[in-house]
Every structure is written in structure tokens, then in C-alpha cells.
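A.B. asks: In our numbering, the protein residues as written are 458 to 540. Think of the CB as a built atom: it goes at the ideal place given N, C-alpha and C, for glycine as much as any other residue.
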């Protein structure tokens, strides 16, 4: 009997928590939290585009060569990405 009462209590608690999660307040709070996290981790774009392009190209080349791609393969991949 005690086990049955415990199961019923857990079911009621789950039902109540599901109702809370569906509430508009929680939705707004989660949306606000995600926006704050994204603004904290936003990347500042360098104002000089040619320098930014060079930085991105070097990082792209480095990542692909570390992954085992050869120079010609990196060039082919870059062409595909740019097209």
C-alpha cells in the first residue's frame, strides 16, 4: 500500500512539474537566459575584412591539415565551401 501511495505521489508531482514547464513564465525565463548566454559568448568581428579573411583561412587550413587532409584536398574543400 505504501508503494502504491508513493507511485501516486510521484505521478502527481510529475504532472505538476510538467504544468510548470509548459507555463509562459518558464518559457520567457529560458528565452532570456539563452539570450544572455549568447550575448556573453558573442564573437567580436574584426573591422578590417582582409585581416579577418586571413585569420579564418589560416584556421580553416590548420583544422583540415590536422584532420589529415592534404594541401590539394584543402584547396578543393575551400573551393566547394566558397561556391
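What span of residues does the alpha helix (DSSP H) with residue 540 cover, start to end?
C.D. replies: In the chain shown, residue 540 corresponds to position 83, counting from 1. Segment: none, residue 540 is in no alpha helix (DSSP H) and carries neither H nor E.
A.B. asks: Taking residue 517 as the reference, give the member of 505, 535, 504, 508 with the closest Cα.
C.D. replies: Within the chain shown, residue 517 is the residue found at index 60, counting from 1. For residue 517, the nearest C-alpha among the options comes from 535.
A.B. asks: Pick helix, strand or coil for residue 504, following the three-state DSSP scheme.
C.D. replies: Reading the chain shown from its first residue, position 47 is the one you call residue 504. Coil at residue 504, not helix or strand.
A.B. asks: Which same chain residues end up closer than 7 Å to residue 522 when comparing Cβ atoms and leaving out the 5 residues on each side of it in sequence?
C.D. replies: Looking up residue 522 in the chain shown gives position 65. Closer than 7 Å at Cβ, skipping near neighbours: 531.
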